[in-house]
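Residue numbers (this note's numbering): 19 to 127. Just so it is clear, CB atoms sit at the ideal spot from N, CA and C, and this is done for glycine as well.
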Amino acid sequence: MGNTLTIFDLDNTLIQGDSSTVWSQFMVREGLATQKGYLAREARLMADYDRGEMNIADYVALIQAPLAGIPKSDVDALVARCVREAILPRVYPQAWELIRRLRAEESRC
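Here it is, written out as structure tokens:
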């Protein structure tokens, strides 16, 4: 099976929850997103997404605003920390098992 590529959805498939929401919570916790009601606005936009009504430009603007003026290398470090501290602990045990099995079968995940 060496040429097999396996692609997964991340949110609520490999991890418990939504990675964008986790990132928003991380930015608030780290003091990057300081706008009053930031998480409530993010939650409303995610509810719009669930209904198929999200204005993606509004969501991107919300997510990018706290990062304005921060060097890319610093953003990269923040993302790596968020993944390590907040995303990886949410990976379902069954997801790890499946990924290990697929890698043993030489599938690229």
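Next on the checklist: Measuring straight from C-alpha to C-alpha, what distance separates V40 and N21?
Outcome noted: Residue numbering aside, residue 40 sits at position 22 when the sequence shown is read from its first letter. Residue numbering aside, residue 21 sits at position 3 when the sequence shown is read from its first letter. Taking C-alpha positions only, V40 is separated from N21 by approximately 33 Å.
Next on the checklist: Alpha carbons only, please: which of C100, V97, L80 and D27 is nearest the one belonging to L63?
Outcome noted: Stepping through the sequence shown from its first residue, residue 63 is reached at position 45. Checked all of C100, V97, L80 and D27; the closest Cα to L63 is L80.
Item to check | Paired residues, beta bridge with L63 - DSSP | outcome: Sequence index remark: in the sequence shown, residue 63 carries index 45 (1-based). Residue pairing for L63: DSSP places it in no beta bridge.
Next on the checklist: Within a Cβ cutoff of 7 Å, which residues of the same chain sit near V109, ignoring the five residues on either side of it in sequence?
Outcome noted: To locate residue 109, count along the sequence shown from 1; it is residue 91. Taking V109 as the centre and dropping the five residues before and after it, the same chain places the C-beta of L32 and I33 closer than 7 Å to its C-beta, in chain order.
Checklist entry - According to the neighbour-count rule (16 or more other Cβ atoms, all chains shown, within 10 Å of its Cβ), is S91 buried or exposed? => result Numbered from 1 along the sequence shown, position 73 holds the residue referred to as residue 91. Exposed is the call here.
Next on the checklist: If I measure Cβ to Cβ from M19 and keep anything under 8 Å in the same chain, skipping five residues before and after, which residues do I get?
Outcome noted: Here residue 19 refers to the residue found at position 1 when the sequence shown is read from its first residue. For M19, the predicted structure reports a pLDDT of 47, less than 50, and the residue's modelled location is therefore unreliable. A value from the coordinates is still provided. Cβ neighbours of M19 beyond the five flanking positions: E123, E124 and S125.
Item to check | First through last residue of the alpha helix (DSSP H) which encompasses K90 | outcome: Residue 90 sits at position 72 when you count from the first residue of the sequence shown. Its alpha helix (DSSP H) spans residues K90 to C100.
Item to check | Sub-8 Å separation of S42 and A51 beta-carbons | outcome: In the sequence shown, residue 42 corresponds to position 24, counting from 1. In the sequence shown, residue 51 corresponds to position 33, counting from 1. In this structure, S42 lies near A51, with their beta-carbon atoms less than 8 Å apart.
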